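A.B. asks:
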Amino acid sequence: MQSGRVHWSNRLAFIMAAAGSAVGLGNMWKFPYITGTNGGGAFVLIYLVCIAAVGVPIFIAELYIGAKSQSNAVQAFEKIHHQKSRWKAIGWLGLVSAFLILSFYSVVGGWILDFEYQSITGAFLHETDDQIAESLSVLFASQGRQLFWHGIFMALTVGIVMGGVKAGLERWNKILMPGLIVLLIGLLFYSFSLDGFQQSLQFMFSFDTSNLSGAGVLEAVGHAFFTLSLGMGAIITYGSYLKSTQKLGRTAVTVAFLDTAIALVCGIIIFSIVFSFGFEPSQGPSLMFKTLPMLFVKLPGAYFLSILFFLLVSFAALTSAVSLLEVVVAYWDEKHGTPRWKTTLLSGAVIYILGILSILSTNDWAEVKIFGLTFFDLFDKLTSQYFLPLGGLFISLFFGWVLGEKAVKEVFGDVSPFILKTFLWTSRVIAPAAVAVVMINKILQDFSG
Ligand code: TRP
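To convert, count from 1 in the sequence shown and add 114; that's our numbering.
1. Please state whether the Cβ-Cβ distance between phenylalanine 371 and serine 249 is less than 8 Å.
2. Indicate whether the contact test is met: 3 or more Cβ pairs, each with one atom in the stretch 231-250 and one in the stretch 288-302, closer than 8 Å.
3. Measure the C-alpha to C-alpha separation of proline 546 and glycine 506 and round it to an integer number of angstroms.
4. Is leucine 558 helix, strand or coil when you go by DSSP?
5. Would you identify the three-state DSSP class for leucine 344, choosing helix, strand or coil?
6. When DSSP builds the beta bridges, which residues end up paired with leucine 332?
7. Among Ile204, Ile295, Phe423 and Thr433, which has the Cα closest to the Cα of isoleucine 350?
8. Is any heavy atom of ligand 1 found at a distance shorter than 7 Å from the C-beta of isoleucine 179?
9. Within the present structure, is the beta-carbon of phenylalanine 169 separated from the nearest heavy atom of ligand 1 by less than 7 Å?
10. Exposed or buried, what is glycine 134 when buried is set at 16 or more other beta-carbons lying within 10 Å of its beta-carbon?
11. Can you give the beta carbon distance from glycine 518 to valine 221, rounded, assuming they're within the 8 Å contact cut?
12. Classify leucine 413 as helix, strand or coil using the three-state DSSP reduction.
13. Taking alanine 131 as part of the alpha helix (DSSP H), name the residues at either end of that continuous run.
14. Have a look at leucine 471 and leucine 297 and give me their C-alpha separation to the nearest angstrom.
15. Apply the 10 Å Cβ neighbour rule to histidine 264 and answer buried if 16 or more other Cβ atoms are within range, or exposed otherwise.
16. At a cut-off of 7 Å, is threonine 458 close to ligand 1 when judged by its beta-carbon and the heavy atoms of the ligand?
17. So what does DSSP say about leucine 177, is it helix, strand or coil?
18. What separation, rounded to the nearest whole angstrom, lies between the Cα atoms of aspartate 491 and leucine 362?
19. Just how far apart, CA to CA, sit histidine 121 and serine 354?
20. Exposed or buried, what is glutamine 232 when buried is set at 16 or more other beta-carbons lying within 10 Å of its beta-carbon?
21. Express the C-alpha separation of alanine 247 and glycine 347 in angstroms, rounding to a whole number.
22. Going by DSSP, which residues form a beta bridge with isoleucine 484?
23. Pick out whichever of Gly514, Val549 and Val552 has its Cα sitting closest to the Cα of threonine 536.
24. Say whether the stretch 416-428 touches the stretch 444-454, bearing in mind that this needs 3 or more beta-carbon pairs closer than 8 Å, one atom from each stretch.
25. Can you list, in chain order, the residues of its chain whose CB lies under 7 Å from that of phenylalanine 218, leaving out five sequence neighbours each side?
26. On a Cα-Cα basis, can you pick out the residue from Pro399, Phe191, Thr458 and Gln316 that is closest to tryptophan 143?
27. When every heavy atom of ligand 1 is checked, does at least one fall within less than 7 Å of the C-beta of methionine 268?
28. Taking DSSP as the reference, what is the three-state secondary structure of tyrosine 147?
29. Taking the runs of the alpha helix (DSSP H) that are 4 residues or longer, which of them lie wholly in the stretch 199-248?
30. Determine the direct distance from the alpha carbon of isoleucine 383 to that of leucine 300, and round the result to whole angstroms.
31. I want to know whether the stretch 421-441 touches the stretch 322-342 - three or more CB-CB distances under 8 Å.
32. Could you give the C-beta distance for glycine 154 and methionine 408, rounded to a whole number, given that I count them as a contact under 8 Å?
33. Terminal residues of the continuous alpha helix (DSSP H) containing proline 399?
34. For alanine 187 versus valine 369, is the C-beta spacing smaller than 8 Å?
35. Mind pulling the alpha helix (DSSP H) runs of 4 or more residues that sit fully within the stretch 255-280?
Encoded structure:
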């Protein structure tokens, strides 16, 4: 393998980095709110099935492609396959997705920073429940505040990526990620005592298909990709900083498990608050921002609790944002030899400007729609529900058909032929077919309805 290349210090450091990419706003903000808008149980079940049957295999495929090629998301396909490989289109689509996702992700990251600031000034402590519930709407009305915090979030992301993902992240990841987990477990225990706890569990885990449409199924599939950072080369890029292709299966399962557990815990906590205080589960993107601060002010140590929570969420969001930007930077760095700082600054600036469209979607341009969606929703849906699943579908096909049995053996080592075959055919047929069926179904529904 290439020398020169920077590698993770050890397996644990890598798992933390991959988990840092996976665990983010997708778990804490997006998962609860889309579970709410899709009616709960049935959506959660489909999401869980997708994580296991589609997410984990594609996670393994991406790790393998990265570790084997020791290359960024575009050149990985040239290295493993051949120079003119058409498969590298997957990498190109990934670069486009990185720009689009990070543009709205950083805006939401900015909201978190704003809430952290409000926690520090103690604003929530003096507010009535109604005022707290309105905090996000007040923020939406202010372009200045959103531009400012979106800028800070992007600047932090750029700063970390500029310093190199390894130096920038390994140290902090080791402290703050476990911190987040401990705090969430604490809140989970507290939510047991809330009146709405039972109802929360029922909402999330009772299976009622009547709530679910083709659009909901696609959203569940899309979210499985989004939450595991799959389908656009982020995991290929992180995998490329691994030294060997060994034990990738275990790594993928560990990360997927951690990511899913955190999402479910966040969901349980948030819906316990929803049902205790009589909120609407289906209110959309504001869900987390309305419910959690409301809970914090009622707890002992409210001031510090709220500061700590938004700090840890900011960090989780940053470690995810970094993995998105790294896809772009690694490519330009390796392909064109552009210095890291240049690409990072330039792409950061482009993404910042693109993010302004998402900010405008929350106020002046709330009625400006493309395909019936604001820019914010368009960037989110286009990437999560089309680009990422499509990228994942082709990654799976590439792994199963081009790399095939040899690669599977390398990943799994000495396991039974049954497991090898099962995995091989999952990545050749089952995973791609599942994604294709869901996408086609949704498109047909759109045309007939
Ligand atoms: N997975 C992250 C989250 O849940 C977001 C993210 C980071 C991502 N890198 C990605 C999403 C790559 C899609 C693709 O918050």
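Even for Gly, the Cβ is constructed at its ideal location relative to N, Cα and C. Fair warning: this is a prediction, and the values are worked out from it, not measured in the lab.
C.D. replies: Considering the structure as presented:
1. no
2. no
3. 8 Å
4. helix
5. coil
6. Looking at the DSSP assignment, leucine 332 forms no beta bridge with any residue, so it has no partner.
7. Ile204
8. no
9. In the sequence on display, residue 169 carries glycine and not phenylalanine. False, no ligand heavy atom lies under 7 Å from that Cβ.
10. buried
11. Contact doesn't hold; Cβ gap of about 42 Å is too wide.
12. coil
13. 125-136
14. 34 Å
15. buried
16. no
17. helix
18. 34 Å
19. 8 Å
20. buried
21. 37 Å
22. Leu487
23. Gly514
24. no
25. Gly469, Ser472, Phe490, Phe493 and Asp494
26. Pro399
27. no
28. helix
29. 203-235
30. According to the sequence shown, residue 300 is glycine rather than leucine. When rounded, the distance between both Cα atoms is 10 Å.
31. no
32. No, glycine 154 and methionine 408 are not in contact; Cβ-Cβ is about 20 Å, not under 8 Å.
33. Run containing proline 399: none; DSSP gives neither H nor E here.
34. no
35. 257-276
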